[in-house]
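Some notes on the structure that comes next.
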Amino acid sequence: NCSRSSLQYCTLTTAPPRFRWHLAPSRLAKMYPTVNPTCWNCKGNNGTFFHLWWKCPEITKFWIRIKVWIEEIIQDRLEWKPELFLLGIIKRDYSLRVRSLIIHILTVTRYFTGILLENPNVPPLYFVIQKIYQCAEMERLILKLKEKDDMEYYRIWDKWDLWIDRKEKLCIK
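Be aware that the sequence shown starts at 180, since it is given in our numbering, and climbs by one per residue.
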């Protein structure tokens, strides 16, 4: 029951307009011969679009961290497939609420992957969490505007809130 409006909000507010992520170094090198075709992050492999978004060791570390997070949140295994992480295509049969949560988290994560493409420094994971919180809050507000019960929000975001609470308790210890 993920609201279309909230996904549009998350997508629009996470679309990286100032980054040229749609033009990989290998593509730019074909257009402009003086451009280096190697990956911006690892500087060792050919910088194809797929390498930048999925195969680069720096990006892979980031995706692995997100995969672990989602598995902890939903308390289930997650496929390690680019179509899930990059396109949001969920092939497993999760509940609608879990699917909604996975889609929200991956939408936000793709934004930060776009940032990583031109900046080799991984953004602090705090920023990823903060942006997911913003999407959760937007979901809550949209449900209120539609005069839906708060329980709808909690059905979707409860697993996220519990996971954050567990993480905060671990940090305090």
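Built from N, CA and C at the ideal position, the CB exists for glycine as well.
(request) Compare the beta carbon distance of Trp233 and Pro204 with 7 Å and say whether it is the shorter of the two. (result) no
(request) Spatial neighbours of Tyr273 within its chain, please: CB distance less than 6 Å, with the 5 preceding and 5 following residues excluded, ordered by chain position. (result) none
(message) In the DSSP output, which residue or residues are listed as bridge partners for Thr213?
(response) DSSP, once it has assigned bridges, lists no residue as partnering Thr213.
(message) I'd like to know if the region 332 to 352 and the region 244 to 254 are in contact, where contact means that at least 3 CB-CB pairs between them fall below 8 Å.
(response) Yes, the region 332 to 352 touches the region 244 to 254.
(message) Can you check which of these residues, Trp259, Thr286, Tyr312, is closest to Gly267 by C-alpha distance?
(response) Thr286
(request) Return the CA-CA distance between Asp143 and Ala315, expressed in angstroms with no decimal places. (result) This structure cannot speak to residue 143, because the chain is shown only from 180 to 352.
(request) Let me know if Gly223 comes out buried or exposed under the rule of 16 or more other beta-carbons within 10 Å of its beta-carbon. (result) exposed
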